[in-house]
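Just below is one structure, and these are the notes that go with it.
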Amino acid sequence: MVRCTLCGFIEENNSSPICESLRNRGLSDENGPDIDEKDLPRCRKCKSLARPHIVWFGEHIWDDVLEKKPFLRL
Numbered sequence: 002m003v004r005c006t007l008c009g010f011i012e013e014n015n016s017s018p019i020c021e022s023l024r025n026r027g028l029s030d031e032n033g034p035d036i037d038e039k040d041l042p043r044c045r046k047c048k049s050l051a052r053p054h055i056v057w058f059g060e061h062i063w064d065d066v067l068e069k070k071p072f073l074r075l
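This is the structure in structure tokens:
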């Protein structure tokens, strides 16, 4: 699943990695070449950047997810 960073649209993406520009990259590839923003995944609806639909440590949980909290196993 990926989530748009602008409009919040969520869509299924079972690709691994979520885009080809991330293939064969290390976990923290500081010495690797930068990835051009045009090669990163985009939202199908508004074309803004998309990201994995997960919450990283230290991140804020999206309000729409919190509204569904009684139905989730957190």
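With this note's numbering, the residue at position 12 of the sequence shown is 13, and numbering never jumps.
Even glycine gets a Cβ: it sits at the ideal position worked out from N, Cα and C.
Worksheet item: Do you know offhand how far P53's Cα is from E38's?
Response: Pairing P53 with E38, the inter-Cα distance amounts to about 16 angstroms.
Practice prompt. Just confirm the distance between the C-beta atoms of C8 and C44, as a whole number of angstroms; I'd bet it's less than 8 angstroms.
Written response: About 6 angstroms; that satisfies the 8 angstroms criterion.
Practice prompt. Using three-state DSSP, classify L50 as helix, strand or coil.
Written response: Three-state result, L50: strand.
Item to complete: Whole angstroms is fine: what's the gap from N15's alpha carbon to A51's?
Response: Cα-Cα distance, rounded: 14 angstroms.
Worksheet item: Can you name the residues that DSSP bridges to E12?
Response: Bridge partners of E12: V3.
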